[in-house]
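What follows is a short report on a single structure.
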Amino acid sequence: MMKENEIREVVPLLQSLVQIPSVTGNERAIAHHLKDYLEQIGFASEINDYNTVIGVLDLGEGPTVLLDGHIDTVNADPEQWTTSPYAGAEREGRIYGRGASDMKGALAAMLIAGKSLAQQQGLSGKVIITGTSWEEYFEGHTLGKAITALTDRGLKPDYVIIGEASELALKRGQRGRARVIVDIQGQAAHSAHPEKGINAVLQAQRFITALQARPCREDPFLGKHIVELIGIESLPNPVDSVVPYLCRVTYDLRLLTGETRESVLQEFNDVIQALHAADPTFEASLSLASGEIQLQSGGSERVEALPPAWELDEAHPLVRQAHQALQTLGMTPAITKYDFCTNGSYSAGIAGIPTIGFGPGKETTAHIVDEYVEIAELKQACAGYEAIVRALLAQ
């Protein structure tokens, strides 16, 4: 069991992480800071082309446990904050700063746990800590690259622990996410003669109404399959005396287990085809949101964002062992799910690796002004990670 003097180190460590700005795509400085720390505590460490840090502690033959925390954050406007978002200020039992909750606090706790595990006897297996990049844009993508590289070296994880904020509850699933873009065609005409054109916005209105009328699916554990309209744009822009010839509507989806790229697009295509059958002038095309990752080697990679849902059975040995390990510390964690998307979309949703979530902080403090994490939770997370890994690797 970890000692209090070991756990106390988590506060200055978190402050050092917060003090290094690491907005998505600018993770290089914090990656090197993390690599240096991992090497100091006995982990073999490297930084890959994505600026993801991979640290490996080899304790001999046995299971491989991977603890993952993303190192990128969303941006912060210092003028809106009570204190600098990059000061790591300690106040009223909390550490404030961008990333304190999402999720440098969990990463600091993992590092302290890793330091303790490296000094213990009676453990057998591998402990891997990843500080993943680009998570705020593409959940799971760079963790997937790290797991693929580890698997190629014979180090495929048997278990994954995601450190996203859970208020120290155990998370055994989450919905997936997709952003679908629908481009609806019209035909330009002078707005004094609208009958000569096809108004793309009015066509879009028909699509929106038809899609909204479809029944909403629901999973008893993960919740509702959400299809939420989040944006409408039309051309020409700026508007003029022209019937709009294109209308783009964008939807944010929260996916249930078993949903794929094909099934997501088919749901939208079914509506398009039905509208076209009723009116041949109705034309639309679909795409999924994507973006570019800049690589350290100088190139880039186009990523289509569709992290899937995942769910681990409550009776799974990983859930049971983690729960029992936390109980030995006097904790009584609820077993529940994340409401947002995490890197578990790759480890569990794609790779099929048993995955749980456990971390300090609240989901609702992510991305907010004056983001913070409770120091008491931070310290409990240190002991929690150490206890869970020790339970999995005990000889």
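Going by the numbering used here, the letters in the sequence shown line up with residues 197 to 591, in that order.
Every residue gets a Cβ at the ideal spot worked out from N, C-alpha and C, and that includes glycine.
Computed from a predicted model, the values in this text were never measured in an experiment.
Closest Cα partner of residue i within the set the options
i, options, result
"Ile237", "Thr338, Gly393 and Val252", "Val252"
"Leu451", "Ser387, Thr538 and Ile564", "Thr538"
"Asp379", "Ile308, Val445, His389 and Arg410", "Val445"
"Gln408", "Lys392, Leu425, Arg349 and Gly419", "Leu425"
"Ala480", "Ile404, Val249 and Ile571", "Ile404"
"Asp298", "Ala562, Leu502 and Glu275", "Ala562"
"Leu209", "Val356, Tyr233, Thr560 and Arg457", "Tyr233"
"Gln370", "Glu200, Lys558 and Thr532", "Thr532"
"Met197", "Tyr333, Leu588 and Gly580", "Gly580"
"Ile489", "His229, Leu522, Thr248 and Ile226", "Thr248"
"Glu570", "Asn201, Arg290 and Ile226", "Arg290"
"Ala518", "Tyr534, Ala384, Trp506 and Pro550", "Pro550"
"Asp436", "Ala590, Pro416, Ala384 and Asn222", "Ala384"
"Lys199", "Ser312, Val270, Ala406 and Leu471", "Ser312"
Within 9 Å, strictly: CB atoms of residue i and residue j
i, j, result
"Thr477", "Gln401", "no"
"Ile216", "Tyr282", "yes"
"Cys578", "Val206", "yes"
"His266", "Ser362", "no"
"Leu431", "Val376", "no"
"Ala285", "Val565", "no"
Residue interval of the alpha helix (DSSP H) (run including residue i)
i, result
"Ile226", "Arg224 to Gln236"
"Gly301", "Gly301 to Ala314"
"Val323", "Careful: Val323 lies outside any alpha helix (DSSP H), inside the beta strand (DSSP E) at Lys322 to Thr328."
"Ile422", "Looking at the DSSP string, Ile422 is not in any alpha helix (DSSP H); the run it does join, the beta strand (DSSP E), is Ile422 to Leu431."
"Val565", "Val565 -> no alpha helix (DSSP H), and no H or E assigned at all."
"Val214", "Val206 to Val214"
First and last residue of the uninterrupted beta strand (DSSP E) at residue i
i, result
"His266", "Thr260 to His266"
"Ile377", "Gly372 to Gln381"
"Gln490", "Ser486 to Gln490"
"Gly251", "Val249 to Asp254"
"Tyr333", "Tyr333 -> no beta strand (DSSP E), and no H or E assigned at all."
"Val356", "Tyr355 to Ile358"
"Ala388", "Per DSSP, Ala388 belongs to no beta strand (DSSP E) and is neither H nor E."
Cβ separation of residue i and residue j, assumed to be a contact under 8 Å, to the nearest whole Å
i, j, result
"Ala365", "Ala530", "4 Å"
"Leu508", "Ala583", "The pair is not a contact, with the Cβ atoms about 19 Å apart (cut-off 8 Å)."
"Ile358", "Ile203", "Actually they do not touch by this definition, with Cβ atoms about 21 Å apart."
"Leu449", "Ala544", "With 8 Å as the limit, Leu449 and Ala544 do not qualify as a contact, their Cβ atoms being about 19 Å apart."
"Leu213", "Leu303", "7 Å"
"Ser218", "Asp268", "6 Å"
"Leu589", "Ala305", "So it is not a contact: roughly 18 Å between Cβ atoms."
"Tyr441", "Gly382", "5 Å"
Inter-residue Cα distance where the pair is residue i and residue j
i, j, result
"Ile428", "Gly553", "35 Å"
"Ile325", "Ile243", "12 Å"
"Lys341", "Cys412", "34 Å"
"Tyr542", "Ala501", "12 Å"
"Arg410", "Ile250", "44 Å"
"Leu255", "Lys322", "6 Å"
"Asp245", "Gln492", "5 Å"
"Asn395", "Ile422", "28 Å"
"Lys352", "Gly393", "58 Å"
"Glu559", "Asp535", "8 Å"
"Arg498", "Gly540", "21 Å"
"Pro274", "Leu482", "38 Å"
"Thr260", "Tyr355", "7 Å"
Distance cut-off 8 Å: residue i Cβ against heavy atoms of the ligand GDP
i, result
"Ile250", "Judged by which ligands are present, the structure shown has none, so any question about the ligand GDP falls away."
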